[in-house]
Structures are given as C-alpha cells and as structure tokens.
Amino acid sequence: MSLFSYLFQNFGSIMQIAGIHALLSIEGTVLGAIVAIPFGLWAYRRPGVRRFAAAVAETIQTIPSLALLAILMIWLGMGNTTLVATLFLYALMPMLHNTVEGLLSVDPGLVEIAKGLGMSNRQALWRVQVPLASPIIITGFRMALVTSIGIATVGVFIGAEGLGSLIYGGMQVQSASQIFAGAAPAALMAIIFDGFLAFLAVRAGRRSLRLPRLHLRNSPSAQTPLKGDG
Amino acid sequence: MTGIWPDIVAHGALIWQDLLQHVEIVFISVAIGCLIAIPMGIWLTRRPRLAEVVITVTGLIQTVPSLALLALVLPVLGVGLVPAVSALALYALLPILRNTYVGVRGVPAGTVECAKAMGMNRMQVLSRVELPLAAPVIVAGVRLSTVYLISWAVLAALIGGGGLGNLILEGLATYDFGLIIAGAVPAALLAIAAGLLLSWLQRALTPVGVRRLAAGERGAA
Amino acid sequence: MSEATFRGYERGFQVLEFQQVSKSYRDGTIAVRDLNLRVERGEFVVLIGPSGCGKTTSLRMVNRMVEPTGGSLLLEGRDVTSYDPVQLRRGIGYVVQQIGLFPHMTIAENIEVVPRLQGWSPQRRSERTAELLQLVGMDPGTYRDRFPHELSGGQQQRIGVLRALAADPDLILMDEPFGALDPITREQLQDELKRLQETVHKTIVFVTHDMDEALRLANRIAVLRQGQLLQYDTPAEILRNPADDFVAQFVGRHRLAEMQVPHIVRDIMNTRPVTLGVGASTEEAFALMQSRQVDTMLVIDEQGSLHGYVSALHLAHKRAVGRTLGEVCEQDVAVVGPDEDASTAFNRMDQEHLQYLAVVDEGQLKGIVTRRSMVRALAAAIWGDAQ
C-alpha cells in the first residue's frame, strides 16, 4: 500500500494515537517539573544537596531507556503507568539542572538591589530571580519534553500506548508506510513543541532584559555546546 | 524474586557475549561519528553561515525518535550490524559536530590572532591553540554521543544489531524477568561506567592552565 | 610570486618604511590614507591618535595581519607582501593589550612559542627563557611552570613582552600593551620597557592613545587622525611646534597634566626678599633700594621676625635722615602664611591693589610674594626651569 493512501485511510486513528502519545509525554514531563523545579528553588543555595541531586538525576539520565522501562515494568507492571513513571524520571535531570543554573546565572547584584529596595528573600526570589531565570527554566522543560516524546515511542515494549505501537507494528509486518505513520508524527510533535517552547523562552527572556540566547535556541542554534550534564 | 544476582549468574555467558557486542556497536558508531564530525566541525568554523544550516539539519535528525530512525533504516538497509551501525553513527554525529564547532569557535579571537601574529600557520594555530583549548568541549560531545548510543544500541537489537537489547526484548516478549534483569542491569551499568570514564577523560584533556582558571573563576563567583 | 623569508632575527633589521600606504574597506571606510613614515633601526616610534585614527591598522599592516589596499610597506627595502606572512611574523615580535598569553600553556611554553616554531633545541629554549625572566626580575625557578592566570596583570604583560623578545627579533610591534593595567603598574612597565629597549636595542613601533605614555617612551611620535598622519616628530618638537590645532589640542591637554602647577604661596614666593634690620639707618636703606632697584623693603628684627616696611616715597616724605628704620617704618604690612592657597594670595593682591605680600610663618619672615615672583613661578611651570 502506498504511503499516502495508508496515511489517508488511517488518518483518524493516527491522530488519535498521536494525541495519546502527546498526552503521555506531557504527563511525565509535567510530573517531573512539579518535583524538579521546586526542588531546584530550594536546593540551588545548598551546593552539597545540589551536587548530590544532580549526580543522581544524571545517573538516571544515563540509563538506557529500554533498560529503565523494563526494570520499572517489573515493579509497576505493563502499561501506561510504567511509561509515565519512566518519563518522569528522565525529566528530572534537565529541569533540575536548568532551574539551578538559571537561578545561579542571575546577577547577585540585582538580588542585593531587590533586598535593598525592601524585598524579603522570598519576594526577591519570586519577583527577581525566578523571572530572570525563567528562560533557562523553560528551556529545561523543553529539553525534557522533547526527550520524553522520543522515549515514549519505546513504551510499546512494555505495553504502553502511543506512536511506538505503529512503528513496532510496522516493523513486524514490514510496512514502511506504517513505520512512517508512527515516526513522522513523533518527529513533527517534537519539532513543534521544541519550537513553541523556544519561542516562550525567548519571550520570557525579552521581559527579563538580558537575552540568554545561549540557552534559548538550544537545538537549532550553533551557539551552545551540548553538555552531558546539561 | 530474590534479588538480581541469580539472574545475572544464570545468564553469565550470554550477558558477556552480548555486552561485548554492545560495546563493539557503540564503539564503532562513535568512532565513525568522530571521524566525520570532528573534521567537519572544524571545517564549519570557517563557514559560519553554512554551519547554522548544517547544525539545524542535524538537529532535526536528532528530534526523530530513536526507535523511529532505526525502524526507518529497516526497509532501506535491511537487517544486521551494518544498518544498525549506520543509524547509530548518524545519531552520534550531532553532539560531536556541534560541540566541535562551538568549542573551536569559542576560542577567543584575540588568542587566535595572537597565534597568527607570532607566525603560526593554519595547521599550527589549529593543533597548538584551537584544538587544545576546545578539547574539553569536544570530548563532552563525544561523551554525550556515547551515552546516548549505549541507550539506542539496546534498540538496535530490533534490526539485528545484537547486543544487550537481545536479552531485554526477549525477556519482555516472554515475560521472563530474569532475562530482563540480565539485559537491563548490565546495560545501565555500562552506560554509567562509560559516562564516568569519559567525564574523567574530559577532565584529563582540559589543559591544566584552563582547568585551574575555571576552578578559580568558580571559586571567585 | 616568489616569497622571500624575512629573517629579521638573523640579519638585523635596518629600516621600515611606509610609502603612500592606504587601507580602505569594501564598505568605503578608509582606515589609513597615504601614510608615509620611516622608522630607523633602534628607534622607538609611537603611533598615537584618538580611536579610529588608523594607528592599529597601520601597525597590523607591518606583519601582514592586515593587507594594505594601496601603496607599499618596505622592510629592509622590500615590500612586505613579498615575504611569506608566516615567516615574516616569526621575525617580528608582537605584543597586544588583552589575553595574548595562551591560557593552556605555562609561562615557559608561552615565551618559547616562537623559538619552538623556529626549531630551537629544548636546551637553548630553556636557557633563553631563564635569561629573559631574569631580565625583568622574575625568578625562572618560581615562574617558568606557572600558568598565565596565576600571575598578576602586570606580570602577565611582562611575559607578553618577553614572548615578543624571545626569538630576538629586531623589530617589535606593540598594540596598547599596557592599556588594561592600573596606572601604577603601567608606569612601572613603561619604565622597564624603556630600560629594556636601551639595553637590547630593539626597534619598537608602539600604538597608544595615551599622550603621557607616548611622551615617556618615544624617540619619535606619529600623530594620526582619521587615517592621516598629522605630524611625525620628536616629542620635544611636537610639544614645542604642534603642526596644527588638533595636534596642539591633543598634546596640550597632556602638557598641562604633566605640569607642576603652583598650589600654595610657598610655590610662588621669592625666598630672598630685600630686607634690612631695625637698627639700619635710612641712608643705608636708600642705598640698598638703589642698588637692588626696588622701591620698598621689609624691616626685620634680630630674630628675623617681621617688623614693618619702608618705601622710598615715605622715607623721602618723613625726612627721616639720621633715624633708624625701626623708628620710621610703617607696620601695616599685608601678610600671608606660606601654606595658604596661591590663588587666594593672587586674588587678594589683585583686589586690594597690593604691591606685595609678606610671607610669615610663626612670626618669622619667610619670603615675599610680588607680581614678579608669581609670573616667574608660573613661567617655570609651563616652560620648565629656564635657569
């Protein structure tokens, strides 16, 4: 069957699967953000805690996705829950790292000025540091989400839903059209979320006066080196 | 379940064989990636406009989920080691390419000017000044590629690439936890070990003067 | 085109000449226009001017970091473009303001960059490094294996200068090498450089925008503005006869900054006023006034404290023949202290129409301020001590 007729005939179900795929990816990433960002706000002033947490998160990040999925499956069983739990774990590192880096990148002089103007520590954090760090924090979320979309395709092996089922199914019946029908939406989804969140980060950056271009245009731009721990 | 040790022991020989194969796939792919990406990254530093385009394109390739890329290789290149390594090497390119480019570009223009003004030719500027100063960034790219590839090589088993993915996929297919453990734990340990090894290499390759400089800056901040 | 090898470090460099050299860019900006300049062996030439005047561009054309678009630059009579740029640069020392030192190399490795490129043996290189470090008073044992960032800014810049000297080139180019240093370190390094040049006899072309620095270092100064050479002369001649208003303004400010402006009365007083004791006769006073050509004199007592003054006019008026000065002198002398503000003293004389002010410190007469003494002090500050 030709690629186009396959896509045309199955458009509805492909979109439905893609929707589930997006939801699962976002779910895992948002759960990660709910834990990692507040933790980062608390930990950034505590170098010991910060380094320990970063090391743990980085180690998790290093573990091959299929291996982590398989191991968690033993505890949590087959299905979407295990996938979301895995995505949550992978999302921790980029967000923790970027939250901490973002806060540390804020000019301490500005914090001093904020306190000099009569802000409490808490007010200085929320009104000065977090807004200024927000482009970098958003970038962390962006990196986590893009990673999640990719890893979610692997979820098919532990019985989770999503575009992986199309890809793996296509491999088994040797249908390039079906493989493409799974791969293309996943890639497109990643590119679209990547672009949208990059746009949000730039907007946040404009508001914060300094434009940390370095951290913003992460994947398409040639400005920043990729760091293993970033 | 009585811990993971019995599973590991039970499948000892198999694990060893798959582990070696896994390392082999990753090593060859990263090596090919380096051979293409490092010279290309250096070359691109002389053509910044083209570099933006090339890096954007490789960035797009990177957004294609690894499973999808491997799956798409299947109809084109078939099954076996060569298709697996080809797909993985393509993946290894981006972090190395980008970090080489950024690392070399990151050497201060004044330093390069000075090297030229002292009578270094282009190769000497590259080998004595630019590469030593960019080495830590380049190695960071290699490290990232390696860690990613260890992960993706697990999936390469799907297209007959072999490696630890064999055990995991087989375990998942037959719901045999022993096999899953036997594949997943060594894969995880391999990735962690490779990450640590390359982090160490990255530090070792950071020129002493620069390392102390960086430490000093961090201390001062 | 056959490319010759420039071996300034072997044959000895003779002369550098800019002939109608121009540099323009594609967008139409002209960095340097028709520059003519001749630098003789052993000279210390400073190119100076405001930013954008083309001084750095001119310097960088010498070692072909920038290629001229018109005219020619002759080194030992040959156009620099006929030399291989890499070889040319190895024969010319080069020092720049920032970084310059390679952060990943030790001090010794930095100094030895050019000798290494020229294939010196490790033995010879290391001896040269030790010799150079000693030249600026840095202990080789202590410093050779350190890294640039472990040194102070002044020390780093010393190493920058040594690195340029390492292969013993005869010509050294320096582009604001001390610009980033604090004023005290800068002066120290300027003195060291001057001394160094006097011992090693290098030809140095030095770019700065600081006239103090130029005056301190140069044998000849080239003043540039908007790519054009306005004047090329010795520092003294430029100070004395600036070619145009711009040069005058450019050096004038610095000349005033250099001047020892008189601040207090002590600076502008005459320390040997004409005086006589209280016991002297009016005849003696007349005679002294005639011989010293003054019409007023101060009268002091045996302890040297001021008693009063006598003037020719009122000596005649009082018909004071046969009396002592102590008896006839007037006592309402205008007095200032030696540490009072000179400008206040001047204003007072001006407003109260005084001929002089007596300078008294703890009752003792220390000197006298007259219009004449004031003019002399100011003249000395502006033109230097003429006597």
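Line order of the protein sequences matches chains A, B and C.
Taken in order, the first sequence gives residues 1 to 230; the numbers are from this note's numbering.
Taken in order, the second sequence gives residues 1001 to 1221; the numbers are from this note's numbering.
Taken in order, the third sequence gives residues 2001 to 2387; the numbers are from this note's numbering.
All C-beta atoms, glycine included, are put in the ideal place defined by N, C-alpha and C.
Source: prediction; values computed, not measured.
Interface residues of chain B facing residue i [CB-CB closer than 7 Å]
| i | result |
| --- | --- |
| residue 66/A | 1154, 1155, 1165, 1168 |
| residue 153/A | 1065, 1067, 1068 |
| residue 59/A | 1192 |
| residue 2372/C | Chain B residues near residue 2372/C: none, gap ~57 Å exceeds 7 Å. |
| residue 52/A | The contacting residues do not exist; residue 52/A stays about 16 Å from chain B at best. |
| residue 171/A | 1071, 1074, 1158 |
Under 9 Å from the C-beta of residue i: neighbouring residues of chain B
| i | result |
| --- | --- |
| residue 2065/C | 1113, 1116, 1117 |
| residue 2089/C | 1116, 1117, 1118, 1119, 1120 |
| residue 138/A | Those within 9 Å of residue 138/A in chain B number zero; the least Cβ separation is about 18 Å. |
| residue 164/A | 1065, 1067, 1068 |
Residue i: contacting residues in chain B (beta-carbon distance under 8 Å)
| i | result |
| --- | --- |
| residue 279/A | The requested residue 279/A is not part of the displayed model; chain A covers only 1 to 230. |
| residue 182/A | 1068, 1071 |
| residue 93/A | Going along chain B, no residue has its Cβ under 8 Å from residue 93/A, so there is no contact; the nearest lies around 12 Å. |
| residue 160/A | The contacting residues do not exist; residue 160/A stays about 12 Å from chain B at best. |
Partners in chain A for residue i, counting only beta-carbon separations shorter than 8 Å
| i | result |
| --- | --- |
| residue 1171/B | 70 |
| residue 1180/B | 70, 71, 73, 74 |
| residue 1039/B | Near residue 1039/B there are no residues of chain A at all, since even the closest Cβ is about 17 Å away, more than 8 Å. |
Chain C residues whose Cβ lies nearer than 9 Å to that of residue i
| i | result |
| --- | --- |
| residue 1133/B | 2102, 2103, 2104 |
Span of the beta strand (DSSP E), counted from its first residue to its last, around residue i
| i | result |
| --- | --- |
| residue 2277/C | 2275 to 2277 |
| residue 2364/C | 2364 to 2370 |
| residue 2070/C | 2070 to 2075 |
| residue 2390/C | Residue 2390/C falls outside the range modelled here, since chain C spans only 2001 to 2387, and no answer is possible. |
| residue 2309/C | 2306 to 2311 |
| residue 2044/C | 2044 to 2048 |
| residue 2222/C | 2220 to 2225 |
| residue 2202/C | Element bounds for residue 2202/C: n/a, residue is neither H nor E. |
Residue burial classification, residue i (beta-carbon count within 10 angstroms, cutoff 16)
| i | result |
| --- | --- |
| residue 2097/C | buried |
| residue 2275/C | buried |
| residue 2357/C | buried |
| residue 1020/B | exposed |
| residue 1999/C | This structure does not reach residue 1999/C, given that chain C is present from 2001 up to 2387, and the question cannot be answered. |
| residue 151/A | buried |
| residue 2016/C | buried |
| residue 2036/C | exposed |
| residue 94/A | buried |
| residue 209/A | Caution applies to residue 209/A, whose pLDDT of 49 falls short of 50 and renders its modelled position unreliable; the model cannot decide the point. |
| residue 1152/B | buried |
| residue 90/A | buried |
| residue 80/A | buried |
| residue 37/A | buried |
| residue 19/A | exposed |
| residue 2379/C | exposed |
| residue 1012/B | exposed |
| residue 1109/B | exposed |
| residue 148/A | buried |
Contacts that residue i makes with chain C (C-beta to C-beta distance below 7 Å)
| i | result |
| --- | --- |
| residue 1121/B | 2086 |
| residue 1208/B | 2147 |
Contact list for residue i against chain A, beta-carbon separation under 7 Å
| i | result |
| --- | --- |
| residue 1177/B | 74 |
Limits of the unbroken alpha helix (DSSP H) element including residue i
| i | result |
| --- | --- |
| residue 318/A | Shown here, chain A extends from 1 to 230; a query on residue 318/A therefore has no answer. |
| residue 1078/B | From DSSP, residue 1078/B is part of no alpha helix (DSSP H); its letter is neither H nor E. |
| residue 112/A | 108 to 116 |
| residue 151/A | 130 to 154 |
| residue 1018/B | 1012 to 1045 |
### Query
Between the segment 168 to 187 of chain A and the segment 92 to 111 of chain A, are three or more C-beta pairs nearer than 8 Å?
no
### Query
Which residues, taken in chain order from the segment 1136 to 1152 of chain B, show a beta carbon closer than 7 Å to some beta carbon of chain A?
1137, 1140, 1141, 1143, 1144, 1147, 1150, 1151
### Task
Assess, as a yes-or-no matter, whether the segment 1117 to 1128 of chain B is touched by the segment 1166 to 1184 of chain B under the definition of 3 or more beta carbon pairs within less than 8 Å.
no
### Message
Please list, in chain order, the residues of the segment 2045 to 2066 of chain C that have any C-beta partner in chain B closer than 9 Å.
### Response
2060, 2063, 2065
### Task
Could you tell me whether the segment 62 to 73 of chain A touches the segment 139 to 159 of chain A, using the rule of 3 or more Cβ pairs below 8 Å?
yes
### Contact residues within the segment 2108 to 2133 of chain C, judged by C-beta distance below 7 Å to chain B
2113, 2114, 2117
### Query
Any residues in the segment 1083 to 1103 of chain B with a beta carbon nearer than 7 Å to a beta carbon of chain A? Which ones, in chain order?
1095, 1098, 1099, 1101, 1102, 1103
### Task
Assess, as a yes-or-no matter, whether the segment 1048 to 1064 of chain B is touched by the segment 1095 to 1103 of chain B under the definition of 3 or more beta carbon pairs within less than 8 Å.
yes
### Query
When Cβ atoms are compared, which residues of the segment 2185 to 2215 of chain C fall closer than 9 Å to chain B?
none
### Query
In the segment 2147 to 2168 of chain C, which residues sit with their C-beta less than 8 Å from some C-beta in chain B, listed in chain order?
2147, 2148, 2149, 2150, 2163
### Query
Would you call the segment 56 to 63 of chain A and the segment 117 to 137 of chain A touching, i.e. three or more CB-CB distances under 8 Å?
no
### Query
Counting pairs of beta carbons, one from the segment 1027 to 1035 of chain B and one from the segment 1082 to 1090 of chain B, are three or more of them closer than 8 Å?
yes
### Query
Using 8 Å as the Cβ pair cut-off and three pairs as the minimum, do the segment 2217 to 2229 of chain C and the segment 2040 to 2051 of chain C touch?
yes
### Task
For the segment 2234 to 2251 of chain C and the segment 2082 to 2091 of chain C, state whether three or more C-beta atom pairs, one from each stretch, are separated by less than 8 Å.
no
### Message
Under 8 Å: do the segment 2181 to 2195 of chain C and the segment 2124 to 2132 of chain C share three or more Cβ pairs, one atom per stretch?
### Response
no
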